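Here's the structure we're looking at; comments come further down.
Residue numbers (the numbering used here): 112 to 220.
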């Protein structure tokens with residue numbers, strides 16, 4: 112039934128097709144898109160990078176990162192961090208990371 116509907120719809124659209132002149136509008140639009148979008152994306156990346164670096168420096172991110180990693184190391188070293196760790200969760204996380212890594216490797220054609 113669906114195949115018949117598709118065929119009749121294609122036939123209807125083919126029979127009632129109307130051509131409209133665009134007077135070069137499409138060509139002008141297409142010629143402007145890539146360059147403008149490329150410039151905007153570069154500007155956006157630069158802006159976000161400057162904001163991120165500025166916040167990292169202003170909030171003393173290096174000291175916060177050092178403190179965070181030290182806390183994790185101390186918790187794991189004294190056994191507090193591993194006491195609440197579920198082995199099933201570790202297996203799931205490892206499988207997800209392997210799957211994502213394989214997907215990434217396969218998409219690097």
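We put the CB at the ideal spot given by N, CA and C, even for glycine. These numbers come from a predicted model, not from an experiment.
Range covered by the alpha helix (DSSP H) that runs through residue 182 = If you look at residue 182, you'll find it in the alpha helix (DSSP H) that goes 172–188.
query = Quick one: what does DSSP say residue 135 is sitting in, helix, strand or coil?
reply = In the structure shown, residue 135 falls within a coil segment according to DSSP collapsed to helix, strand and coil.
request  = Have a look at 160, 120 and 170 and flag the residue whose alpha-carbon is nearest the alpha-carbon of residue 128.
outcome  = Of 160, 120 and 170, the residue nearest in Cα terms is 120.
query = Which residues in the same chain have their Cβ closer than 7 Å to the Cβ of residue 204, if we skip the five residues on either side of it in sequence?
reply = Cβ neighbours of residue 204 within its own chain (closer than 7 Å, five residues either side excluded): none.
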